[in-house]
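All residue numbers for the sequence shown refer to full-length UniProt numbering, where the first residue is 1 and numbers rise by one. Glycine is no exception: its CB is placed at the ideal position from the N, C-alpha and C atoms. Beneath this line is the structure, given in structure tokens, with notes to follow.
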Amino acid sequence: MRRILFSILFFLFNFSLYGQIGTFYSTDHELSSTLINGIYQDQRNYIWIATEDGLNKYDGVRFTVYKNLPNDSTSIKNNYVRSLFEDSVGRFWIGCINGLHLYNRTTDNFTEIKLYNDTLQITPHITSIIESANHEIWITTSGEGVIRIKPNDKTYHTDATLSSRLSSIHLTCVFQDSKGIFWIASENQGLNMYNPQTDEVFLFKTPHIGSDQISAICEDNSGNLFIGTLTNGLYKLNSRTQTFENVPYIKKTVLFVKSLLFDKTNNRLLVGTDGQGMKVFDEKKQCLEDIQISSTPFDLSRMKIHAICQDKSGNIWMGLFQKGVFLAPESPNNFDYWGFKSYSKNVIGSGCIMSLIKEANGILWIGTDNDGIYKMDNKGNVQHFSPSGHPNSVPNTVLSMIEDDAGNIWLGSYLKGLACLNKTTGYCTYYNNHIQLSDDHTARNKIFSLAKDKQNKLWIGTNGAGVYVFDLHEKKYIQHYTNSAKGAYQLPNDWINCITCDRNGIVWIGSYNGICSINPLTGKIENYTTNNNILPGNIVYCINEDHKGNIWIGTTEGLVCFDKNSR
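So this is what it looks like as structure tokens:
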């Protein structure tokens, strides 16, 4: 016997199957607020989202919300979070409107960092945080100028000397370029350039730049510096003349730039605006153009994009002020998405999809968890058969479906047993009273898997009552396989996850204790588990046959390809 074991490793936030189908997160059981100020991915791949009403951490499955808790000194001091940054030694900094925090990973809480202006303790409005090339932490504030934290500092003070030389102590952001120059933006007094080598400060104001309200600073991979302004669009530094030149928008209207990001995957500058959506810098044309992102749940051209973040997989996260967070996947492909949170194709409810079957005419039947059945044609028209108080209504939860030779659709449900669906009316005929082979009524009505063999028999896998065999012609149960049975009807386990019938007529059954194969004609049963070195794990969730006749087995410990011919 030949066995191939595959180790499948999943990396957090690897959304390679999304194509251009984005994901939208809102306050609907997810974010604490739609007033987004910043998005950041840390070294452990968590996505952090700063809002005006709490700090959010996303682990790829769920959100954790952090807010101020009265009388708890380990909570964040204020729910209005402005800035996020992780330094080279793994310290995660959080800037609020009245102070600075460090996140404690081991205890999942926060430490407030005491800051001083000379000897006076202050709680400044933190607007941005970066790490310089020499590993100093630079912090801009609105009202206290610049704070510089050196690696060996025991107390943290404002840099009064540098702050006094800037155009304003009300600052929006700081950026260090590839040449080591610091660019410090003020709220309404222009842009400051600080050279740490010469200790010189130079101010750019109107008319040197078209606006004194600087919102964002960014550098591309060629060392070109870009400045975003709130009232007059984007500017690019001419390194030869040391002047800023306005970057025109192709539609010749003024843009209100709020955020900038250099997309390293596609080597392009992304520009987020306040109410005019996302733009992209065309390096050849030296102008801004609209960027097309398909399958967005809204008109992106009207969005207020206050934050942009690129994760390690190249996906773009956009903070849409007053809307939420939109994730635009990096890689396009042929997948489309129908279902919950698809604003254009949200037609099959919000319940989990438990089973699918497609008829030859293209009709797709969708069994859900606690929402009945959906019928969808190849044009996308949907009909919902919902559970009701009628005794013949569809089950709430449909775990498995199969079509017989006559075109009937059989349903395996959770708690309502086996049913045959009338495809026109949506009503069901239930076949639970025909069971005379077991007294375990609850377990036999939890049907996890259905399969049809070559003798027109239906094999029914249950959660706790083994496997039943149902004669589709006679409409009656004829056999019952269980773990407690003796001889030809004994299974390795009664908790059945999957059943498939191969091209040779052999029935394969996956359980919580390995798999077994049954020859319906001879009654021969063979068991395969970790004990005989066939499987890497005994919990089997899926079994399928490929075009060569190999049996593929999915377990909790990996994937196995089983060559029947070399047993």
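Check                                                                                                                : Outcome
From 116, 135 and 151, residue whose alpha carbon lies closest to that of residue 145                                : 116
Closest residue to residue 26 among 193, 260 and 319 (Cα-Cα distance)                                                : 319
Secondary structure of residue 164, DSSP reduced to three states                                                     : helix
Environment of residue 352 [buried if 16+ CB atoms lie within 10 Å]                                                  : exposed
Where residue 322 falls, given that 16 or more other Cβ within 10 Å makes a residue buried                           : exposed
Same chain only: Cβ atoms within 6 Å of residue 75, ignoring 5 sequence neighbours per side                          : 68 and 69
Exposure label - residue 474; buried when at least 16 CB within 10 Å                                                 : exposed
Check whether residue 402 and residue 452 have beta carbons under 8 Å apart                                          : yes
Closest Cα partner of residue 362 within the set 349, 369, 458 and 377                                               : 377
Residue 460 and residue 471 closer than 8 Å at C-beta                                                                : no
Spatial distance of residue 262 from residue 545 (CA atoms)                                                          : 46 Å
Contacting residues, own chain, Cβ-Cβ under 7 Å from residue 170 (five flanking each side not counted)               : 142, 143, 186 and 187
8 Å Cβ cutoff met for residue 538 and residue 529                                                                    : yes
Assigned secondary structure, residue 475 (DSSP; H/G/I helix, E/B strand, else coil)                                 : coil
Straight-line gap, residue 284 to residue 257 (C-alpha atoms, nearest Å)                                             : 21 Å
Option in 292, 493, 511 and 254 with minimal Cα separation from residue 210                                          : 254
Anticipated Cβ contact below 8 Å, residue 324 with residue 63, distance rounded                                      : Contact flag wrong, Cβ pair sits at about 11 Å.
Other residues of its chain near residue 357: CB distance less than 7 Å, five sequence neighbours each side excluded : 365, 401, 402, 403 and 409
Residue from 315, 182 and 510 with nearest C-alpha to residue 197                                                    : 182
Residue 487 - DSSP class collapsed to helix/strand/coil                                                              : helix
Beta-carbon gap between residue 369 and residue 386 smaller than 8 Å                                                 : no
DSSP three-state assignment for residue 419, whether helix, strand or coil                                           : strand
Of the residues 531, 508, 534 and 553, the one placed nearest residue 540, counting alpha carbons only               : 553
C-alpha gap between residue 112 and residue 157, whole angstroms                                                     : 14 Å
Proximity to residue 359 [Cα-Cα], best of 267, 233 and 375                                                           : 375
Reference residue 118; option with closest CA among 227, 207, 95 and 163                                             : 163
Which of helix, strand or coil DSSP assigns to residue 564                                                           : helix
Endpoints, beta strand (DSSP E) assigned at residue 221                                                              : Unbroken run through residue 221: none, as it is neither H nor E.
Secondary structure, beta strand (DSSP E): runs of 3+ residues fully inside the region 284-355                       : 287-290, 305-310, 316-320 and 324-328
Within the region 490-530, ranges of the alpha helix (DSSP H) (whole runs, at least 4 residues)                      : none
Reference residue 234; option with closest CA among 223, 221 and 269                                                 : 269
Straight-line Cα distance separating residue 94 from residue 178                                                     : 25 Å
Residue(s) in a DSSP beta bridge with residue 470                                                                    : 458 and 477
Residue burial classification, residue 612 (beta-carbon count within 10 angstroms, cutoff 16)                        : Examination of residue 612 is not possible in this model, given that the chain is present from 1 through 567 alone.
First through last residue of the beta strand (DSSP E) which encompasses residue 43                                  : Segment: none, residue 43 is in no beta strand (DSSP E) and carries neither H nor E.
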